[in-house]
Amino acid sequence: MNTDPIADYLTRVRNAIKANHRVVEIPASNLKKEITKVLFDKGYIANYKFDDSTVQGVIKIALKYHPITKVPAIRTIDRVSKPGLRKYAGVAKMPRVLNGLGIAILSTSKGVMTDKEAKNLNIGGEVLCYVY
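Here the sequence shown is numbered in this note's numbering, starting from -2 and rising by one per residue.
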């Protein structure tokens, strides 16, 4: 039993990057699928595929690396809001990641989105993770 599925998702991605894997498989959930879509839209992962052949389903993520230097697109991916201590951010206190170069992924009432999208929609939410 896993008490924090989002932390497990981020750790699997982090470990795959450190081991220079091309593809990582992660057990699926609706929140993980939305986080994967945000990472793809912002260019942090090369591609993804949702495989619903099993009961829970699997997310297959193709990681992105620089073609010449082989440096990963995701340099750091950190969990912010944990089950023991939730972190929420309103519009006025929206976090800036790496002075605007990175993204914060938020879970809002309008769905999962980046900090900039939430600021444009004038809504706050739970800060899930920082990516840069």
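The beta-carbon is built from N, C-alpha and C at its ideal position, and this holds for glycine as well. Here the structure is a predicted model, which is why all the values come from computation and not from measurement.
If you draw a straight line from the C-alpha of residue i to the C-alpha of residue j, how long is it?
i: residue 103; j: residue 125; result: 5 Å
i: residue 51; j: residue 25; result: 10 Å
i: residue 21; j: residue 47; result: 12 Å
i: residue 41; j: residue 60; result: 8 Å
So, at 8 Å on beta carbons, what are the nonlocal neighbours of residue i in its own chain, with the 5 sequence-adjacent residues on each side left out?
i: residue -1; result: 5
i: residue 120; result: 88, 105, 106, 107
i: residue 116; result: 88, 91
i: residue 84; result: 77, 78, 123, 124
i: residue 2; result: 24, 26, 28, 29
i: residue 54; result: 24, 25, 47, 48
Counting only the same chain and skipping the five closest in sequence on each side, list residues whose C-beta sits under 6 Å from that of residue i.
i: residue 69; result: 14, 62
Hey, would you say residue i sits closer than 9 Å to residue j, going by beta carbons?
i: residue 7; j: residue 75; result: yes
i: residue 128; j: residue 71; result: yes
Would you say residue i lies against chain E (beta-carbon separation less than 9 Å)?
i: residue 68; result: Looking at the structure shown, chain E is missing, and only one protein chain is on hand.
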